[in-house]
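Converting from the sequence shown to this note's numbering requires adding 1128 to each position, the first position being numbered 1.
Positions of the beta carbon are idealized from the N, C-alpha and C atoms, including for glycine.
First comes the structure, then the notes that go with it.
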Amino acid sequence: VQLQASGGGLVQAGGSLRLSCAVSGTISTPNVMSWYRQTPGEQREAVAQMVNGGSVSYGDSVQGRLIFSRDVAKNTLYLQMNSLKPEDTAVYYCVVNDLRMLKNYWGQGTLVTVSS
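Below, the structure written as C-alpha cells:
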C-alpha cells in the first residue's frame, strides 16, 4: 500500500484548502484512516479519523472546521480544511492502519502554511 498526499500550500487565515491522499493497493477491514499533522518540535497530532470507511471523528482543535471524506471509486481520501488559522500550519500526513494485517502506512506529508 502506498499513500500520496497533495494539496498543501500557502493560504491566508480564514481561507480553505483541500488535501488529497491517493491510496494504491488493497486495504483490509477493519481499518482506520487518519489525517495527522506535525509542527517542528511537536508531536504528531491526529486531526481526523475514519473507521472502516464510515464514522469520522475530529480532534478538538479542528472540530467544525475540517471535513474528512473518501471517494471509493477514486481510492482517494480528502481533508477539506475551512476557516484556517495560523496555528493550523503544519505538515499533514494521511495514514492508514490496516488492523487485519497489523500494518501502518504513512504518506509523505504535505505542508500547509496559514499566514495571519
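Report task. For G1192, count neighbouring Cβ atoms within 10 angstroms of its own Cβ and tell me buried if that reaches 16, exposed if not. Result -> In this structure G1192 is exposed. Its beta-carbon is surrounded by fewer than 16 other beta-carbon atoms within 10 angstroms.
**Report entry** Cβ separation of V1160 and N1225, assumed to be a contact under 8 Å, to the nearest whole Å
**Finding:** A Cβ-Cβ distance of about 4 Å is found for the pair V1160 and N1225, placing them in contact under the 8 Å criterion.
Query raised in the report: L1147: buried (16+ other C-beta within 10 angstroms of its C-beta) or exposed?
Result: The residue in question, L1147, is buried, as its Cβ has 16 or more Cβ neighbours within 10 Å.
Query raised in the report: Between the Cα of S1144 and the Cα atoms of A1201, Y1164 and I1195, which residue gives the shortest distance?
Result: Checked all of A1201, Y1164 and I1195; the closest Cα to S1144 is I1195.
Report task. Identify every residue that forms a DSSP beta bridge with L1194. Result -> Looking at the DSSP assignment, L1194 forms a beta bridge with M1209.
Query raised in the report: Looking only at its own chain, which residues have a Cβ that is under 7 Å from the Cβ of S1156, when we skip the five neighbours before and after it?
Result: Hits under 7 Å: D1226, R1228 and M1229.
**Report entry** Simplified DSSP assignment, three categories, for D1199
**Finding:** Here DSSP, grouped into helix, strand and coil, assigns D1199 to strand.
Query raised in the report: Are there 16 or more other CB atoms within 10 angstroms of the CB of G1235, so buried, or fewer, so exposed?
Result: So G1235 ends up on the buried side.
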